[in-house]
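Quick note on our numbering: the sequence shown kicks off at 570 and runs consecutively.
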Amino acid sequence: MEPALPLAGTAVVLRDGAHGLETLMLRRPATGSFADAWVFPGGKVEPADGDPAEAERDVAAHAAVRETLEETGIRVADAVALSLWTPPAQAPVRIRTWFFIARDLGDDVHINPGEIVDAVWCAPEETLRRHAAGELVLFPPTWVTLHGLIGHDRVADVYAATGEPGRFATRIAGEPAGSRFLWAGDADYPDDPGPASARHRLDTGRLPWRYEHR
570 MEPALPLAGT
580 AVVLRDGAHG
590 LETLMLRRPA
600 TGSFADAWVF
610 PGGKVEPADG
620 DPAEAERDVA
630 AHAAVRETLE
640 ETGIRVADAV
650 ALSLWTPPAQ
660 APVRIRTWFF
670 IARDLGDDVH
680 INPGEIVDAV
690 WCAPEETLRR
700 HAAGELVLFP
710 PTWVTLHGLI
720 GHDRVADVYA
730 ATGEPGRFAT
740 RIAGEPAGSR
750 FLWAGDADYP
760 DDPGPASARH
770 RLDTGRLPWR
780 YEHR
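Structure follows, in structure tokens:
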């Protein structure tokens with residue numbers, strides 16, 4: 570963990586759709602951070618999100634809820650920490666980000682045109698299918714989070730399965746350069762390697778991406 574890094578909160582907003590679990594996905598503009606990517610709502614912690622003496626996770630949760638309202642016009646409830654992501658040293662902008670699952674309260678989505686160009690409710694499997702087909706852009710934390718939601722049919726199932734937040738301090742390796750994302754426990758992870766057969770990695774060199782965690 571690197572306390573000196575800026576902090577952010579992201580909300581994985583969930584609802585029970587007509588055909589099962591859905592997440593709210595937002596498309597970023599073609600310029601700026603996460604250019605043209607589909608992401609979950611969220612952003613950096615601001616002073617209004619809490620006292621510095623407050624628990625980091627709680628402050629990040631306030632940021633996730635606030636940013637969701639600002640970006641989409643919807644309120645969410647029951648924010649529960651899902652994971653903490655620390656970007657690799659090669660990232661051009663390094664922000665430590667807490668991801669929270671959060672429950673949709675049924676408001677209509679009204680995107681902030683300065684930050685978001687499109688919004689859609691979509692099953693995790695469908696978003697990953699479209700990514701594998703080259704139809705949309707995802708970044709690894711979003712991809713891995715969506716992958717972890719597969720197999721859950723209802724919002725209640727996700728909450729029931731959520732335990733201690735996952736910790737993803739990312740390292741990059743692989744050929745072509747930077748095409749493999751490694752996390753603690755993988756045999757090739759430089760800081761905390763596992764045994765030779767251990768895998769906790771995402772290979773992004775070609776579509777579809779391949780995630781291994783064993």
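Glycine included, C-beta positions come from ideal geometry on N, C-alpha and C.
{"Item": "Cβ neighbour criterion (16 or more within 10 Å) applied to isoleucine 643", "Value": "buried"}
{"Item": "Supposed close pair leucine 651, valine 581 - CB separation, criterion 8 angstroms", "Value": "6 angstroms"}
{"Item": "Same chain, Cβ closer than 6 angstroms to histidine 769, five either side skipped, listed in chain order", "Value": "Trp752, Gly754, Asp755 and His782"}
{"Item": "Valine 706 versus leucine 595: straight-line alpha-carbon distance, rounded", "Value": "11 angstroms"}
{"Item": "Cβ-Cβ distance between isoleucine 670 and valine 727 below 7 angstroms", "Value": "yes"}
{"Item": "Residue(s) in a DSSP beta bridge with threonine 840", "Value": "In the structure as shown, the chain starts at 570 and stops at 783, and residue 840 therefore has no counterpart that could be examined."}
{"Item": "Segments assigned alpha helix (DSSP H), at least 4 residues, entirely inside the region 693 to 757", "Value": "693 to 701, 709 to 718 and 724 to 730"}
{"Item": "C-alpha distance - histidine 631 paired with phenylalanine 750, whole-angstrom precision", "Value": "29 angstroms"}
{"Item": "Where proline 745 falls, given that 16 or more other Cβ within 10 Å makes a residue buried", "Value": "exposed"}
{"Item": "Where glutamate 640 falls, given that 16 or more other Cβ within 10 Å makes a residue buried", "Value": "buried"}
{"Item": "Segment limits, beta strand (DSSP E) that includes alanine 688", "Value": "687 to 691"}
{"Item": "Valine 686 to arginine 597 span [Cα, whole Å]", "Value": "6 angstroms"}
{"Item": "Test item: CB-CB of leucine 674 and alanine 646 under 7 angstroms", "Value": "yes"}
{"Item": "Threonine 637 vs proline 610 beta-carbon contact at 7 angstroms", "Value": "yes"}
{"Item": "Simplified DSSP state of leucine 583, which is helix, strand or coil", "Value": "strand"}
{"Item": "Rounded straight-line distance, which links the Cα of tryptophan 712 to that of arginine 626", "Value": "22 angstroms"}
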